[in-house]
Each structure stands twice: as structure tokens, then as C-alpha cells.
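Colleague: In this text, residue positions in the sequence shown follow the UniProt record's numbering: the first is 1, and each later residue adds one.
A virtual CB, placed ideally from N, CA and C, is assigned to each residue, including glycine.
Dropping a structure here in C-alpha cells format, bear with me for questions.
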Amino acid sequence: MACSALSLSPSPSLCPRASPSSSSTALQTLTLSRHRQTLTLALRRSRHISGRFSAAFVPDSGEGADLGGGDRTGEEKATEGTEASALDQLRKRVVFGLGIGLGTGGIVVYGGWVFTLAVSAAVFAGAREYFELVRSRGIASGMTPPPRYVSRVCSVICALMPILTLYFGQMDVSVTSSAFVVAMTLIFQRGNPRFAQLSSAIFGLFYCGYLPCFWVKLRCGLAVPAPNTKLGNIWPVLLGGQAHWTVGLVATLISMSSIIAADTFAFLGGRAFGRTPLTNISPKKTLEGALAGLSGCVVVAVILSKILCWPASLVSASSFGVLNFVGSLFGDLIESMIKRDAGVKDSGSLIPGHGGILDRVDSYVFTGALSYSFVKIALPRFGV
1 MACSALSLSP
11 SPSLCPRASP
21 SSSSTALQTL
31 TLSRHRQTLT
41 LALRRSRHIS
51 GRFSAAFVPD
61 SGEGADLGGG
71 DRTGEEKATE
81 GTEASALDQL
91 RKRVVFGLGI
101 GLGTGGIVVY
111 GGWVFTLAVS
121 AAVFAGAREY
131 FELVRSRGIA
141 SGMTPPPRYV
151 SRVCSVICAL
161 MPILTLYFGQ
171 MDVSVTSSAF
181 VVAMTLIFQR
191 GNPRFAQLSS
201 AIFGLFYCGY
211 LPCFWVKLRC
221 GLAVPAPNTK
231 LGNIWPVLLG
241 GQAHWTVGLV
251 ATLISMSSII
261 AADTFAFLGG
271 RAFGRTPLTN
281 ISPKKTLEGA
291 LAGLSGCVVV
301 AVILSKILCW
311 PASLVSASSF
321 GVLNFVGSLF
331 GDLIESMIKR
341 DAGVKDSGSL
351 IPGHGGILDR
361 VDSYVFTGAL
371 SYSFVKIALP
381 RFGV
């Protein structure tokens, strides 16, 4: 506007013109800068495309090509790691479970001191785990646990109980004497004795020492031959022949096998049909799983009773199966309650893939006493 307004003036100096050389230089500079930006954007785009192309078709770390067109996310890798860990855990459970089952079966059949020493070793390991649970942060925060030396003494006493039961043929004197010794030790300890210390120690003697002794009474104490057992007719004479198959051996095999069946069917039934919680002590246990475990326990007890020809009637075999299931479920819930108060998932890590020894034998703790009472008292009295 200024130039147009001043164009009436005759002076040409008021509207200067740019020289041709300077305008051409500016135009070349602008063109070069635009070309440079275009080349830079094209180079970046080509690098991005080539990176996506290589990620889509080149295997990553020796693994197969990802046909999805991109790298795997961290969530997918974490999921694969979890699945691999679960499979490895399941593999350990199966391998060690089969090994423990076969070894236990051989020990039960052999009987005598071999069976008693095996029970004693399991009792000692279980007692150590029990007193460690009592001393854990969850339980100890609400009570005063026994001193460590008292816990160790109680573990040794529990391990001696099965041996004394086999040697003397009864266990009342050893249990009473052990409880008296532990009580006096706690009363005369340094510091202020607590009733919680006495109650947890005495329960440890009962739970880890006294109750497992019934398995020794059942297997080794009931030495009456089972003449109707067909396996006894083909059993080698060098291994004891027909006399080796006693009522105690047959009852122990049926009881332990039915407990395994109860645990297995309860797990499978709970996974497939479990909807109704059984108790607050163990939220994962369901009523449907318990019914499946009861059915499996009774079925296995009846089948083995037909194979081993003991007990004679269907009512006795079914009752024996029901009793074994009740004992196994009650023992499992008691141990779950102890672990819940202790704030732990497993009682220990002695058995890979299974946890501690108490995690494996909790179903057997009360069942031995119930089975012995059934064979010793119920069958002769009711005659079924």
C-alpha cells in the first residue's frame, strides 16, 4: 500500500526492487530445505517399515516366527512362564507322589520294625513342622510359644512313641509319662510360664505323637491271620506265606488306599463341579468335592474288600469307607486351620511339589485311630 500510495511521486528510490541474484539464491535455499525434509521423512518411514517387517518375519531368540505381525507382549511371556511353572510343579507332584506311594506300599506290606521306623521318621519330621508353625509369626502374635528346646524335646518324644508302642504293645504309659515330663519342664523354665505354652506342647504330643501310634497298633498289633485272603495263597513262603497276610495288614492297605481315593476324587470333583463352599477354614474345599471324595472312598473300600476278602459283608466295607473319609477330611481341616492361623500355605518344603510332611499325612493322622477302633471294637461287637 505504501508503494502504491507513493507511486505518484516521480522519485524511483522510494520503492526499491530486489536484485535478481538475491531472489534466485533464496528460492534455491528454500527448495533444498524442502527436499531435505522430504528425504528425512522418507528415511524415517523406511526404517520404521523395515523394523516392522523384520519383527514380523524374523524369529526372536531362536523361537518360531510370530505370525501375528509384532513382538510378543510382556503379559503373554508372563503367562507362558506361569504355565511352564505350573506344568513343572505338576510333574514334580506326580513323580514324587508315585515314588512315595510305591515306597509306602512296600513298607506297609513288610510291616514290623521297618514300618514302625518309617512311621517314627515321618512323626519326627511332622512334629518339627508343627512346632515351627506354632512359633511362626501368625500364631505367636496371639500367644506365647514353647521355648525352642522344649519344641525339640517334644519332637524327639513324638518320634519315640511309635517305637515304644511296638516294643511294649501299648502306648498309655509312654504318652502319660511324656506329657508329665513336658509339663514339668515348662513349669520350671526360666521366666514366666504360660498356659499357651503348655496347651500347644501337649496338643503337639497328642497330634504328632499319640495319634500316629494307632497305625502301628493297626498294622503290627492286629496279627490275627486273614485266611480268606486269596493273595495269601500265592504269597511266597520266604516272605511269610499265608501267615503274613494278617487282619492288620489288610485293614491298613484298605484304609490307606481309600484315603488316597478320597483325596483324589475330592480334588477332581471339586474342580469339575465345586460350587458350594464346605467351610471357612479352607475356602477351596467344596461340598460337591466332599461328596465326590466320599463316593470314591466307599467305592475303593468295597472293591478292595472283595479282592482281599475282608471285611466279609458289604455293610462293613461301606462303613469302613465312610469312617476313613470322615477321618481324612477332619485331619485335613485341622491342619488347614493350623496353617491358616500361622499365615502360611504349606507346612514346609520337605517334599518337592507337595510341601511339608504334614501336608501329605494330615489325612492319616486321625484315620489310624478310627480304623483301629472300627476293627478292634465295632466289627466284633456288631458282627457285620
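Beta carbon of Ile163, beta carbon of Ser120: below 8 Å?
Modeller: Residue numbering aside, residue 163 sits at position 163 when the sequence shown is read from its first letter. Residue numbering aside, residue 120 sits at position 120 when the sequence shown is read from its first letter. With respect to Ser120, Ile163 sits close: the two C-beta atoms are nearer than 8 Å.
Colleague: Val237 lies in the alpha helix (DSSP H); which residues open and close that run?
Modeller: As a working mapping, residue 237 is identified with position 237 in the sequence shown. Val237 -> no alpha helix (DSSP H), and no H or E assigned at all.
Colleague: Tell me which same chain residues have a C-beta within less than 8 Å of the C-beta of Ile357, skipping the five on either side of it?
Modeller: Position 357 of the sequence shown, counted from the first residue, corresponds to residue 357. Around Ile357: Ala122, Ala125, Gly126, Glu129, Ser347, Gly348, Leu350 and Ile351.
Colleague: Based on the DSSP output, what are the partners of Ile351 in its beta bridges?
Modeller: Position 351 of the sequence shown holds residue 351. Note: Ile351 sits in a beta bridge opposite Gly355.
Colleague: Might you give, ordered along the chain, the residues of its own chain that have their beta carbon closer than 6 Å to the beta carbon of residue 385, omitting 5 neighbours on each side?
Modeller: Given a span of 1 to 384 for the chain in the structure shown, any question on residue 385 remains unanswerable.
Colleague: Just to confirm my understanding: we take Ile139, look at its own chain, exclude 5 residues before and 5 after, and list those with CB closer than 6 Å. What are they?
Modeller: Residue mapping note: residue 139 aligns to position 139 of the sequence shown, counting from 1. Taken in chain order, the residues that qualify are Asp341 and Ala342.
Colleague: Excluding the five sequence neighbours on either side, which residues of its own chain have a C-beta within less than 8 Å of the C-beta of Thr144, listed in chain order?
Modeller: The count along the sequence shown starts at 1 and reaches residue 144 at position 144. Counting only Cβ-Cβ distances below 8 Å, and skipping sequence neighbours, we find Arg194, Ala196 and Gln197.
Colleague: Pairs of beta-carbons, one from the segment 300 to 308 and one from the segment 251 to 262, closer than 8 Å: are there three or more?
Modeller: yes
Colleague: Taking the continuous alpha helix (DSSP H) assigned at Thr165, which residues delimit it?
Modeller: Walking along the sequence shown from the start, residue 165 turns up at place 165. Here the alpha helix (DSSP H) through Thr165 covers Arg148 to Phe168.
Colleague: In its own chain, which residues sit with a C-beta less than 7 Å from the C-beta of Leu379, not counting the 5 before and 5 after it?
Modeller: Position 379 of the sequence shown holds residue 379. Only Pro311 and Ser316 meet the Cβ criterion.
Colleague: Could you pull out every residue in the same chain whose Cβ sits closer than 6 Å to the Cβ of Ile234, ignoring the five residues on either side in sequence?
Modeller: Looking up residue 234 in the sequence shown gives position 234. Within the same chain, Ile234 has no close Cβ partners at all.
Colleague: Report the three-state DSSP secondary structure of Thr229 (helix, strand or coil).
Modeller: Residue 229 sits at position 229 when you count from the first residue of the sequence shown. In this structure, Thr229 counts as coil in the three-state DSSP scheme.
Colleague: Enumerate in chain order the residues of its own chain whose CB-to-CB distance from Gly296 is below 7 Å, with the five nearest sequence positions on each side excluded.
Modeller: Looking up residue 296 in the sequence shown gives position 296. Hits under 7 Å: Ala261, Ala262, Thr264 and Phe265.
Colleague: By a C-beta neighbour count over all protein chains shown, 10 Å radius and 16 as the cutoff for buried, is Val298 buried or exposed?
Modeller: Reading the sequence shown from its first residue, position 298 is the one you call residue 298. Buried, because 16 or more other Cβ atoms sit within 10 Å of the Cβ of Val298.
Colleague: For residue 385 and Ser282, what's the separation of their Cα atoms in angstroms?
Modeller: The structure shown does not extend to residue 385, since the chain spans only 1 to 384, so no value can be given for it.
Colleague: Return the CA-CA distance between Gly232 and Cys220, expressed in angstroms with no decimal places.
Modeller: The residue labelled residue 232 in the question sits at position 232 within the sequence shown. The residue labelled residue 220 in the question sits at position 220 within the sequence shown. Each residue's CA atom was taken as its position, placing Gly232 and Cys220 some 17 Å apart.
Colleague: So who's on the other strand from Pro277, going by DSSP bridges?
Modeller: Sequence index remark: in the sequence shown, residue 277 carries index 277 (1-based). Its beta-bridge partners are Thr286.
Colleague: Measure the C-alpha to C-alpha separation of Leu117 and Tyr167 and round it to an integer number of angstroms.
Modeller: Indexing the sequence shown from 1 puts residue 117 at position 117. Indexing the sequence shown from 1 puts residue 167 at position 167. Near 12 Å, if we compare the C-alpha coordinates of Tyr167 and Leu117.
Colleague: Assign Ile338 to buried or exposed, taking buried as 16 or more other Cβ atoms, counted over all protein chains shown, within 10 Å of its Cβ.
Modeller: Here residue 338 corresponds to residue number 338 of the sequence shown, with the count starting at 1. That one is buried.
Colleague: Starting from Asp172, follow the alpha helix (DSSP H) in both directions and report where the run begins and ends.
Modeller: Taking the sequence shown and counting its residues from 1, the one referred to as residue 172 is at position 172. Asp172 -> alpha helix (DSSP H) spans Asp172 to Ile187.
Colleague: Using three-state DSSP, classify Thr144 as helix, strand or coil.
Modeller: Residue mapping note: residue 144 aligns to position 144 of the sequence shown, counting from 1. DSSP places Thr144 in coil when its eight states are reduced to three.
Colleague: Would you mind working out which of Leu218, Thr246, Asn192 and Glu132 sits nearest Pro227, comparing C-alpha positions?
Modeller: Looking up residue 227 in the sequence shown gives position 227. Minimum Cα-Cα distance from Pro227 among the listed residues Leu218, Thr246, Asn192 and Glu132 corresponds to Thr246.
Colleague: Kindly identify the DSSP beta-bridge partner or partners of Thr252.
Modeller: As a working mapping, residue 252 is identified with position 252 in the sequence shown. BP columns for Thr252 are empty, so no partner.
Colleague: How big is the Cα-Cα spacing for Leu218 and Val250?
Modeller: Taking the sequence shown and counting its residues from 1, one reaches residue 218 at position 218. Taking the sequence shown and counting its residues from 1, one reaches residue 250 at position 250. If you take the alpha carbons of Leu218 and Val250, they lie about 10 Å apart.
Colleague: Would you call Asn280 buried or exposed, if buried means 16 or more other Cβ atoms sit within 10 Å of its Cβ?
Modeller: On the sequence shown, residue 280 is found 280 positions in, with the first residue counted as 1. Counting Cβ neighbours within 10 Å, Asn280 comes out exposed, since fewer than 16 surround it.
Colleague: For the candidate residues Lys285, Ser373 and Gly289, whose alpha-carbon lies nearest to that of Phe273?
Modeller: On the sequence shown, position 273 is the one that residue 273 refers to. Of Lys285, Ser373 and Gly289, the residue nearest in Cα terms is Gly289.
Colleague: Ends of the alpha helix (DSSP H) at Thr367?
Modeller: Start at 1 with the first residue of the sequence shown, and residue 367 comes out as number 367. That run of the alpha helix (DSSP H) goes Thr367 to Ser373.
Colleague: Residues in its own chain within less than 8 Å of Val150 by CB, not counting five upstream and five downstream?
Modeller: Here residue 150 is taken as the residue at index 150 of the sequence shown, counted from 1. So the list reads Val182, Thr185, Leu186, Gln189, Gln197 and Ala201, once near-sequence residues are dropped.
Colleague: Between Arg360 and the rest of its own chain, which residues show a CB-CB distance below 8 Å, the 5 nearest in sequence each way excluded?
Modeller: Working through the sequence shown from its first residue, we reach residue 360 at position 360. The residues are Ile100, Ile351 and His354.
Colleague: Would Cys154 pass as a contact of Leu205 if the rule is Cβ separation under 8 Å?
Modeller: Looking up residue 154 in the sequence shown gives position 154. Looking up residue 205 in the sequence shown gives position 205. Cβ atoms of Cys154 and Leu205: closer than 8 Å.
Colleague: Taking the alpha-carbon positions, what's the Lys92 to Ala84 distance?
Modeller: Counting from 1 along the sequence shown, the entry for residue 92 is found at position 92. Counting from 1 along the sequence shown, the entry for residue 84 is found at position 84. Distance between Lys92 and Ala84, taken at the CA atoms: about 12 Å.
Colleague: Which residues in the same chain have their Cβ closer than 6 Å to the Cβ of Ala369, if we skip the five residues on either side of it in sequence?
Modeller: Along the sequence shown, read from residue 1 onward, the residue named residue 369 stands at position 369. Excluding residues within five positions, the ones whose Cβ falls inside 6 Å are Leu211 and Phe214.
Colleague: What's the call for Ser371, buried or exposed, on a 16-neighbour Cβ count within 10 Å?
Modeller: Numbered from its first residue, the sequence shown carries residue 371 at position 371. Buried.
Colleague: For Val175 and Gly209, what's the separation of their Cα atoms in angstroms?
Modeller: Taking the first residue of the sequence shown as 1, we reach residue 175 at position 175. Taking the first residue of the sequence shown as 1, we reach residue 209 at position 209. Distance between the alpha carbons of Val175 and Gly209: 8 Å.
Colleague: Excluding the 5 residues preceding and the 5 following Ile259 in the sequence, name in chain order all residues of the same chain whose CB lies nearer than 7 Å to its CB.
Modeller: Taking the sequence shown and counting its residues from 1, one reaches residue 259 at position 259. Taken in chain order, the residues that qualify are Asn324, Ser328, Ser363, Tyr364 and Thr367.
Colleague: I believe Gly240 touches Ala223 by the beta-carbon criterion, under 8 Å. Please report the beta-carbon distance rounded to the nearest angstrom.
Modeller: Here the question's residue 240 lines up with position 240 in the sequence shown. Here the question's residue 223 lines up with position 223 in the sequence shown. Their Cβ separation, rounded to whole angstroms, is 11 Å, which puts Gly240 and Ala223 out of contact at 8 Å.
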